[in-house]
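Visitor: Note that numbering that gives the first Met the number 0 gives residue 445 to position 446 of the sequence shown, counting from 1, and the numbers run on in steps of one. What follows is a structure written as structure tokens; I'll ask about it next.
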Amino acid sequence: MPRPSLLPLTLSALLSGAAALSIPNTASLSARGVRVNSNTVELTRVAPCDPRVTPDGSAAQPARTLDLATPGSLLIPYQLTQAGDVPGPVRLSVTLSGAPAGARAQVQAPGGEALDSVPLAPGETRRVNVALLVPQGAQGELDVNLAAQCGASSDPLNVTRVRLSPQVNLLLTHTVTPARSEVGRTVPFTLRLPNPAARPITPELTVTLPAGLSVVPGSARSGDRPVPATSGADGRVTFTPGPLEPGATLTVTYDALITPQALPDPGTERTLQVPATARAQYAGQTLVAPEARAALIVAPGVFDRRGTVIGEVFLDANGNGRRDPDDSPLAGARVLLANGQQTLTDEQGRYALRDLTPGPWLLRLDAATAPFEPVPGLGARLVDVFALTRVDFALRLPGAQPAPAGTLAAPRDTTVRSGPVVVTRRVTAQPGGASLITLELSSARPVADVTVTDHAGPDEPPRSFRVTLLSGPVTFSYLTLTPAGPNDPDVLWREP
0 MPRPSLLPLT
10 LSALLSGAAA
20 LSIPNTASLS
30 ARGVRVNSNT
40 VELTRVAPCD
50 PRVTPDGSAA
60 QPARTLDLAT
70 PGSLLIPYQL
80 TQAGDVPGPV
90 RLSVTLSGAP
100 AGARAQVQAP
110 GGEALDSVPL
120 APGETRRVNV
130 ALLVPQGAQG
140 ELDVNLAAQC
150 GASSDPLNVT
160 RVRLSPQVNL
170 LLTHTVTPAR
180 SEVGRTVPFT
190 LRLPNPAARP
200 ITPELTVTLP
210 AGLSVVPGSA
220 RSGDRPVPAT
230 SGADGRVTFT
240 PGPLEPGATL
250 TVTYDALITP
260 QALPDPGTER
270 TLQVPATARA
280 QYAGQTLVAP
290 EARAALIVAP
300 GVFDRRGTVI
310 GEVFLDANGN
320 GRRDPDDSPL
330 AGARVLLANG
340 QQTLTDEQGR
350 YALRDLTPGP
360 WLLRLDAATA
370 PFEPVPGLGA
380 RLVDVFALTR
390 VDFALRLPGA
400 QPAPAGTLAA
410 PRDTTVRSGP
420 VVVTRRVTAQ
430 PGGASLITLE
440 LSSARPVADV
450 TVTDHAGPDE
460 PPRSFRVTLL
470 SGPVTFSYLT
480 LTPAGPNDPD
490 VLWREP
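Here it is as structure tokens:
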């Protein structure tokens with residue numbers, strides 16, 4: 000029987016390095032000079048399952064270096080690709096080198112499910128994460144390696160290096176010295192920030208100035224070195240002093256001007272709160288210091304418009320409504336304001352009510368401490384308080400007779416001092432009950448916008464006189480048609 004003749008088939012060709020190789024194989028039969036060929040069979044070589052992991056890397060040259068503050072966790076992303084021609088399950092494993100005790104790692108799907116293998120079709124790509132958990136206090140470096148294997152093929156080295164740093168907390172302080180100042184003055188603020196981290200940080204310090212405070216341009220300094228400052232909306236000012244070495248303390252000072260906006264009510268003090276924060280990047284996270292506040296008490300100073308009411312309470316022997324030599328002071332009399340503020344007269348019958356908002360105030364005597372009838376027109380008083388205002392209370396002695404019409408009491412000269420300004424008021428009686436009032440102004444140093452308001456008596460309107468710049472003696476005079484009382488003039492002035 001004739002035997003078939005087979006074409007030679009080289010097995011090494013199928014096992015060559017080519018990814019895909021096709022070899023045709025045809026058999027032929029020869030018998031008695033007749034040759035018959037069989038059908039052709041094509042043999043094809045295919046690549047096995049071949050996993051690839053990116054990014055690549057080794058212990059000598061890691062693919063990347065990441066930071067982690069401990070205690071803490073970190074998701075390290077990887078990409079897995081099947082480069083072979085045959086589908087298959089790709090087994091995944093993660094190992095840690097140089098890890099502290101208690102450190103753990105796990106391969107996870109993007110949704111967080113744990114993975115130990117992934118089925119991949121040829122050419123398919125999947126994303127996976129390595130979840131790293133490190134306990135408190137750990138520091139130094141560790142290597143995370145993700146290996147992939149499918150059948151006999153593997154990608155064993157894909158190293159990511161992680162730098163470990165203990166969790167740090169920033170502590171910022173913000174102070175102002177002096178803690179009390181006045182409108183128009185400049186006050187220094189101080190920011191202090193230690194660096195508790197093991198590596199340098201580059202902090203940003205931000206203060207929020209309320210209305211009434213304005214940072215002085217170019218005033219920010221750290222030691223002898225100027226610090227850049229950027230002003231933003233809502234009074235925010237950000238200082239960027241540069242790197243801060245481990246264990247060092249940053250000190251930044253800046254000046255702020257107190258403007259009149261600090262006191263919406265010029266007659267009262269106010270406490271301004273100035274908050275500050277600090278932030279810095281460290282170990283892959285943003286460190287933020289708790290808010291630190293500096294408290295500044297602002298007083299009106301030369302812008303103080305608060306008024307003072309002074310006066311006397313006396314027993315009017317002749318009922319003329321003026322303090323005469325024969326009149327007696329009433330000590331211990333209680334003078335009341337409509338808001339409840341009160342004071343007692345001293346041994347000379349004098350009193351003072353201070354720190355009053357300019358405007359109308361109702362004054363009256365407490366009947367329990369002043370059990371006498373007031374002289375007509377000199378009882379409860381509605382007074383327009385401005386600067387220094389004088390209000391006397393004349394009380395009628397039991398059995399005292401009113402002064403005869405046209406009787407002139409001995410006038411009283413007074414002197415009022417307000418800072419460097421001195422005002423002497425002289426009253427000269429004139430025929431027919433009239434009075435000539437002379438106001439002599441002088442000052443120990445030049446002052447501006449001096450206003451003197453004189454109250455001649457209850458039946459006379461107040462008279463005001465103004466000097467733009469008082470640098471020498473100035474005299475004003477005016478005449479009243481009724482007897483002038485012994486009132487002290489009100490004085491208002493400012494520094495030039």
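C-beta: ideal position from N, C-alpha, C; glycine also.
Tell me which residues share the same chain as T481 and place their Cβ nearer than 8 Å to its Cβ, disregarding the 5 neighbours each side in the sequence.
Guide: For the purposes of this step, residue 481 is taken as the residue at position 482 of the sequence shown. Within the same chain, T481 has close Cβ partners G432, A433, S434, A455, G456, D458 and E459.
Visitor: Under 8 Å between the Cβ atoms of T388 and G306?
Guide: Start at 1 with the first residue of the sequence shown, and residue 388 comes out as number 389. Start at 1 with the first residue of the sequence shown, and residue 306 comes out as number 307. Contact: yes.
Visitor: Taking three-plus beta-carbon pairs below 8 Å as touching, is the stretch 145–161 in contact with the stretch 246–265?
Guide: Not touching, per the Cβ criterion.
Visitor: For T229, does the count of other Cβ atoms within 10 angstroms reach 16, so buried, or fall short, so exposed?
Guide: Taking the first residue of the sequence shown as position 1, residue 229 is located at position 230. When all chains shown are included, T229 counts as exposed.
Visitor: Starting from F371, trace the beta strand (DSSP E) in both directions and tell me its first and last residue.
Guide: Position 372 of the sequence shown holds residue 371. F371 -> no beta strand (DSSP E), and no H or E assigned at all.
Visitor: Along the chain, which unbroken stretches of the alpha helix (DSSP H) at least 4 residues long are found entirely within the stretch 249–305?
Guide: none
Visitor: Kindly confirm or deny that the stretch 441–452 and the stretch 350–365 touch, where touching means at least three C-beta pairs closer than 8 Å.
Guide: The stretch 441–452 vs the stretch 350–365: no contact.
Visitor: Note down the Cα distance separating S213 from G183, rounded to an integer number of angstroms.
Guide: Indexing the sequence shown from 1 puts residue 213 at position 214. Indexing the sequence shown from 1 puts residue 183 at position 184. The straight-line gap from Cα to Cα measures roughly 11 Å.
Visitor: Within this structure, are the beta carbons of T239 and E203 separated by less than 8 Å?
Guide: Along the sequence shown, one-based indexing puts residue 239 at 240. Along the sequence shown, one-based indexing puts residue 203 at 204. Their beta carbons are under 8 Å apart, which means T239 touches E203 by this criterion.
Visitor: By the DSSP assignment, the beta strand (DSSP E) with I200 in it spans what residues?
Guide: Here residue 200 refers to the residue found at position 201 when the sequence shown is read from its first residue. For I200, there is no enclosing beta strand (DSSP E), since its DSSP letter is neither H nor E.
Visitor: Go through its chain and collect everything with a Cβ distance to I296's Cβ below 7 Å, but skip five positions before and after it.
Guide: Locating residue 296 in the sequence shown gives position 297, counting from the first residue. Answer for I296: A178, R179, E268 and T270, listed in chain order.
Visitor: From this set, V158, A255 and T423, which residue's C-alpha is nearest G211's C-alpha?
Guide: As a first step, residue 211 must be located in the sequence shown, where it is residue number 212. The shortest Cα separation from G211 among V158, A255 and T423 belongs to A255.
Visitor: Name the residue from A288, G339, A279 and P134 whose alpha carbon lies nearest to the alpha carbon of H173.
Guide: Working through the sequence shown from its first residue, we reach residue 173 at position 174. When only C-alpha atoms are compared, the closest one is A288.
Visitor: Expressed to the nearest angstrom, what Euclidean distance is found between the alpha-carbon atoms of L336 and R322?
Guide: To locate residue 336, count along the sequence shown from 1; it is residue 337. To locate residue 322, count along the sequence shown from 1; it is residue 323. About 23 Å.
Visitor: Check for me: the beta strand (DSSP E) holding F464 runs from which residue to which?
Guide: On the sequence shown, residue 464 is found 465 positions in, with the first residue counted as 1. Counting along the chain, the beta strand (DSSP E) containing F464 begins and ends at R462 to L469.
Visitor: Under the assumption that G83 contacts S152 (Cβ atoms under 8 Å), give the Cβ distance between them as a whole number of angstroms.
Guide: Position 84 of the sequence shown, counting from 1, holds the residue named residue 83. Position 153 of the sequence shown, counting from 1, holds the residue named residue 152. 7 Å between Cβ atoms; contact.
Visitor: Residues in the same chain with beta-carbon distance under 6 Å from Q341, minus the five sequence neighbours each way, listed in chain order, please.
Guide: Residue numbering aside, residue 341 sits at position 342 when the sequence shown is read from its first letter. Same-chain partners within the cutoff: R333 and L335.
Visitor: Starting from the C-beta of T413, find all residues in its chain whose C-beta is less than 6 Å away, skip the five residues before and the five after it, and write them out in chain order.
Guide: Numbered from 1 along the sequence shown, position 414 holds the residue referred to as residue 413. For T413, where only same-chain residues beyond five positions count, the Cβ hits under 6 Å are R424 and D487.
Visitor: What distance in whole Å lies between the Cβ atoms of A102 and V133, which are believed to be in contact at a cut-off of 8 Å?
Guide: Sequence index remark: in the sequence shown, residue 133 carries index 134 (1-based). Sequence index remark: in the sequence shown, residue 102 carries index 103 (1-based). Rounded, the Cβ-Cβ distance is 5 Å, consistent with contact.
Visitor: Note down, in chain order, each residue of its chain lying with its Cβ closer than 7 Å to the Cβ of S327, except the 5 sequence neighbours on either side.
Guide: In the sequence shown, residue 327 corresponds to position 328, counting from 1. Counting only Cβ-Cβ distances below 7 Å, and skipping sequence neighbours, we find F313 and L314.
Visitor: Do G283 and L131 have their beta-carbon atoms positioned less than 8 Å apart in this structure?
Guide: Your numbering for residue 131 matches position 132 in the sequence shown. Your numbering for residue 283 matches position 284 in the sequence shown. No, the Cβ-Cβ distance between L131 and G283 is not below 8 Å.
Visitor: Nearest-angstrom Cα distance between T467 and E311?
Guide: Within the sequence shown, the letter at position 468 stands for residue 467. Within the sequence shown, the letter at position 312 stands for residue 311. Between T467 and E311, the C-alpha separation is close to 32 Å.
Visitor: Would you mind working out which of A46, I309, V273 and R304 sits nearest R493, comparing C-alpha positions?
Guide: As a first step, residue 493 must be located in the sequence shown, where it is residue number 494. Nearest C-alpha to R493 among A46, I309, V273 and R304: R304.
Visitor: Determine the DSSP secondary structure at P498, reduced to helix, strand or coil.
Guide: Residue numbering for the chain in the displayed model covers 0 to 495; residue 498 lies beyond these limits and cannot be assessed.
Visitor: Would you mind giving the Cβ-Cβ distance between P54 and N157, rounded to the nearest angstrom? I have them listed as a contact below 8 Å.
Guide: Against the sequence shown, residue 54 aligns to sequence position 55. Against the sequence shown, residue 157 aligns to sequence position 158. That belief holds up - the Cβ atoms of P54 and N157 are roughly 7 Å apart, short of 8 Å.
Visitor: Under the rule that 16 or more other beta-carbon atoms within 10 Å means buried, what is G71, buried or exposed?
Guide: On the sequence shown, position 72 is the one that residue 71 refers to. Result: buried.
Visitor: Short check: CB of V236 to CB of L192, under 8 Å?
Guide: Taking the first residue of the sequence shown as 1, we reach residue 236 at position 237. Taking the first residue of the sequence shown as 1, we reach residue 192 at position 193. When the beta-carbon positions are compared, V236 and L192 stay at least 8 Å from each other.
Visitor: In the DSSP assignment, find the beta strand (DSSP E) that holds L208 and state where it starts and stops.
Guide: Here residue 208 is taken as the residue at index 209 of the sequence shown, counted from 1. Note, L208: premise wrong, no beta strand (DSSP E); not H, not E.
Visitor: In three-state terms, what does DSSP make of V432?
Guide: On the sequence shown, position 433 is the one that residue 432 refers to. The amino acid occupying residue 432 in the given sequence is Gly; Val does not appear at that position. Residue state, collapsed to three classes: helix.
Visitor: Between the alpha carbons of L169 and T94, how many angstroms are there, rounded?
Guide: Taking the sequence shown and counting its residues from 1, the one referred to as residue 169 is at position 170. Taking the sequence shown and counting its residues from 1, the one referred to as residue 94 is at position 95. If I take the Cα positions, the gap works out to 34 Å.
Visitor: Would you kindly check if the distance between the Cβ of I436 and the Cβ of V420 is under 8 Å?
Guide: Translated into positions along the sequence shown, residue 420 becomes position 421. Translated into positions along the sequence shown, residue 436 becomes position 437. No, the Cβ-Cβ distance between V420 and I436 is not below 8 Å.
Visitor: Which residue's Cα is closest to the Cα of I257: P225, A277, G246 and V215?
Guide: Position 258 of the sequence shown, counted from the start, is the residue given in the question as residue 257. Restricting attention to P225, A277, G246 and V215, the CA atom closest to the CA of I257 is found in V215.
Visitor: What residue does the beta strand (DSSP E) around T54 start on, and which one ends it?
Guide: As a first step, residue 54 must be located in the sequence shown, where it is residue number 55. Per the sequence shown, the amino acid found at residue 54 is Pro instead of Thr. Boundaries cannot be given for P54, as no beta strand (DSSP E) includes it and DSSP labels it neither H nor E.
Visitor: Enumerate in chain order the residues of its own chain whose CB-to-CB distance from G122 is below 7 Å, with the five nearest sequence positions on each side excluded.
Guide: Start at 1 with the first residue of the sequence shown, and residue 122 comes out as number 123. Only Q81 meet the Cβ criterion.
Visitor: Can you tell me the Cα-Cα spacing of V384 and G217, whole angstroms?
Guide: By one-based count along the sequence shown, residue 384 stands at place 385. By one-based count along the sequence shown, residue 217 stands at place 218. Spanning the two alpha carbons is a distance of roughly 43 Å.
Visitor: Just grab the DSSP bridge partners of V384 for me.
Guide: Sequence index remark: in the sequence shown, residue 384 carries index 385 (1-based). Its beta-bridge partners are G358.
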